[in-house]
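Structure record follows, encoded as structure tokens.
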Amino acid sequence: MAHGGDDPEALVRKVIAALGGMERFVPKNSYVIVKPNMCIPAPFTQGATTNPIVVATLVKMAFEAGASKVKVLDFPFGGKSLDVYEACGVGPKVREVGGEMEPIVSFKWTHANLPKAVNMKKADIYSEVLKADVLINVPVAKNHGEAMYTLGMKNLMGIVSDRPGMHVYLQQAIADLSTLIHPTLTVVDLCSNHVRKRPQPAAEMMI
Numbered sequence: 466m467a468h469g470g471d472d473p474e475a476l477v478r479k480v481i482a483a484l485g486g487m488e489r490f491v492p493k494n495s496y497v498i499v500k501p502n503m504c505i506p507a508p509f510t511q512g513a514t515t516n517p518i519v520v521a522t523l524v525k526m527a528f529e530a531g532a533s534k535v536k537v538l539d540f541p542f543g544g545k546s547l548d549v550y551e552a553c554g555v556g557p558k559v560r561e562v563g564g565e566m567e568p569i570v571s572f573k574w575t576h577a578n579l580p581k582a583v584n585m586k587k588a589d590i591y592s593e594v595l596k597a598d599v600l601i602n603v604p605v606a607k608n609h610g611e612a613m614y615t616l617g618m619k620n621l622m623g624i625v626s627d628r629p630g631m632h633v634y635l636q637q638a639i640a641d642l643s644t645l646i647h648p649t650l651t652v653v654d655l656c657s658n659h660v661r662k663r664p665q666p667a668a669e670m671m672i
């Protein structure tokens, strides 16, 4: 964990360096998907979405490690994907460092079997995630009515088309999805005043 100060980029770099640098996770010429939480059109200061600077720093570091292409995506439930990306502030920051914002389009959902699952044996997964060489999962830590406290695994719901269906047996569905999708790296954004109960967002990163 890295914490303190008001420079999210410095914290991200510090916590990745502690694990040996981004080169450990991103091979040269690889295709990288960065999956933040952009579930609703809200700035990160409201506690529901990932800090745009955190996302952009990971995109920048992936390129520095030699990635050939880096895309950022999420399947929001609070509006059209491109509109939500802009409202969250992630879109502009990612474009500044050369990354691409991937619009969610219907023809890119791909049927997948989950043979090791307990309940959710099938799911439609966003194909770009399945094509990528590297998946960087960037959730924001927050509390939740059913899951109580969400971190990396629940953030992966944003790559599945039938999110309402997952809520029938939410905990098991999240575990089932994780039998198929294995992020290369998960960086948890703890900058949420909603979770930390502080008047201003706290600057902390965790892997």
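Quick note on this note's numbering: the sequence shown kicks off at 466 and runs consecutively. Note that beta-carbon positions come from the ideal geometry of N, C-alpha and C, so glycine has one too.
Once DSSP output is grouped into helix, strand and coil, what is the label at residue i?
i    : result
T651 : strand
N658 : At N658, the pLDDT of 45 sits below 50, so the modelled position is not reliable; the number obtained from the coordinates is stated separately. Of the three classes helix, strand and coil, the one that applies to N658 here is helix, per DSSP.
I590 : strand
P492 : coil
I624 : helix
I498 : strand
Comparing alpha-carbon positions, which option in the options lies nearest residue i?
i    : options                   : result
L579 : V535, I498 and Q637       : Q637
T515 : K558, E529 and I646       : K558
V599 : K493, V633 and I569       : K493
P508 : V491, G486, L523 and D548 : D548
G544 : I569, A588 and P629       : I569
Taking the beta carbon of residue i as the centre, do at least 16 other beta carbons fall within 10 Å, making it buried, or is it exposed?
i    : result
E567 : buried
L538 : buried
P501 : buried
What's the C-alpha gap between residue i and residue j?
i    : j    : result
T644 : M466 : 26 Å
L642 : I498 : 17 Å
L476 : H468 : 7 Å
I481 : M526 : 9 Å
D654 : G554 : 15 Å
Could you confirm whether any beta carbon from chain C is found closer than 7 Å to the beta carbon of residue i?
i    : result
M503 : Of the protein chains in this structure there is only one, and it is not chain C.
>> At 3 residues or longer, what runs of the beta strand (DSSP E) sit wholly inside the region 545–580?
In response: Runs of the beta strand (DSSP E) lying entirely within the region 545–580, each at least 3 residues long, are 574–578 in chain order.
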